[in-house]
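*Asks:* Submitted below is the structure of interest, expressed as structure tokens.
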Amino acid sequence: MTTTDDLSPSIATFYELMDGADKALAVDLFTADATVTDNGRTYRGRDELLEWLRGEASAYTYTSTWVAADETDGIAVIDILLEGDFPGGRVQLRYTFDLAPGGLIRELTIAA
């Protein structure tokens, strides 16, 4: 299994920031025209990504356990088990990252 040490720096930093107090700092890891699809909604561009980071992505507290991770040719697929105060309390999510040349995140899809 890949660990954060084995992932592209932008992805490893994304997870470090998502575990921190100010998730909005992660916006700098995305291209200007990046998209994030989470919980059935797509956010486009940095303004909408900030909305997502400050809203949906910060709405609950949770712990995360890495289940599987792989990165090949600029595409990373990471499965994480989340447990927290969100409805249902436990879910395994798949994060699929597509990196732009230069290493910034171009697209992120989060799905159950």
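Numbering (full-length UniProt numbering), first residue to last: 1 to 112. We treat Cβ as the ideally placed atom computed from N, Cα and C, and that holds for glycine.
Determine the DSSP secondary structure at Met1, reduced to helix, strand or coil.
*Replies:* For the purposes of this step, residue 1 is taken as the residue at position 1 of the sequence shown. In this prediction, Met1 has a pLDDT of 47, which is less than 50 and means its spatial position is unreliable; nothing more can be read from the coordinates.
*Asks:* Please identify the residue among Gly55, Glu56, Ala111 and Tyr60 whose C-alpha is closest to the C-alpha of Val77.
*Replies:* As a first step, residue 77 must be located in the sequence shown, where it is residue number 77. Checking every option, the nearest Cα to that of Val77 belongs to Ala111.
*Asks:* Between the alpha carbons of Ala12 and Leu104, how many angstroms are there, rounded?
*Replies:* The sequence position of residue 12 within the sequence shown is 12, counting from 1. The sequence position of residue 104 within the sequence shown is 104, counting from 1. For Ala12 and Leu104, the distance between alpha carbons rounds to 11 Å.
*Asks:* In the DSSP assignment, find the beta strand (DSSP E) that holds Tyr15 and state where it starts and stops.
*Replies:* The residue given as residue 15 occupies position 15 in the sequence shown. Unbroken run through Tyr15 is the alpha helix (DSSP H), Pro9 to Met18; no beta strand (DSSP E).
*Asks:* Buried or exposed: which applies to Phe86, given that a residue is buried once 16 or more other Cβ atoms fall within 10 Å of its Cβ?
*Replies:* Taking the sequence shown and counting its residues from 1, the one referred to as residue 86 is at position 86. Exposed is the call here.
*Asks:* From Ile108 to Gly89, what distance separates their C-alpha atoms?
*Replies:* Looking up residue 108 in the sequence shown gives position 108. Looking up residue 89 in the sequence shown gives position 89. The sequence as given places Leu at residue 108; Ile does not occur at that position. Cα-Cα distance, rounded: 23 Å.
*Asks:* Please list the terminal residues of the continuous alpha helix (DSSP H) segment that includes Glu56.
*Replies:* For the purposes of this step, residue 56 is taken as residue 56 along the sequence shown, with counting starting at 1. Note, Glu56: premise wrong, no alpha helix (DSSP H); not H, not E.
*Asks:* Tell me whether Val67 is buried or exposed, calling it buried when 16 or more other Cβ atoms sit within 10 Å of its Cβ.
*Replies:* For this step, residue 67 is matched to residue 67 along the sequence shown. Answer is exposed; the Cβ neighbour count stays below 16.
*Asks:* Over what stretch of residues does the beta strand (DSSP E) that includes Val67 continue unbroken?
*Replies:* The count along the sequence shown starts at 1 and reaches residue 67 at position 67. Segment Tyr62 to Thr72, the beta strand (DSSP E) holding Val67.
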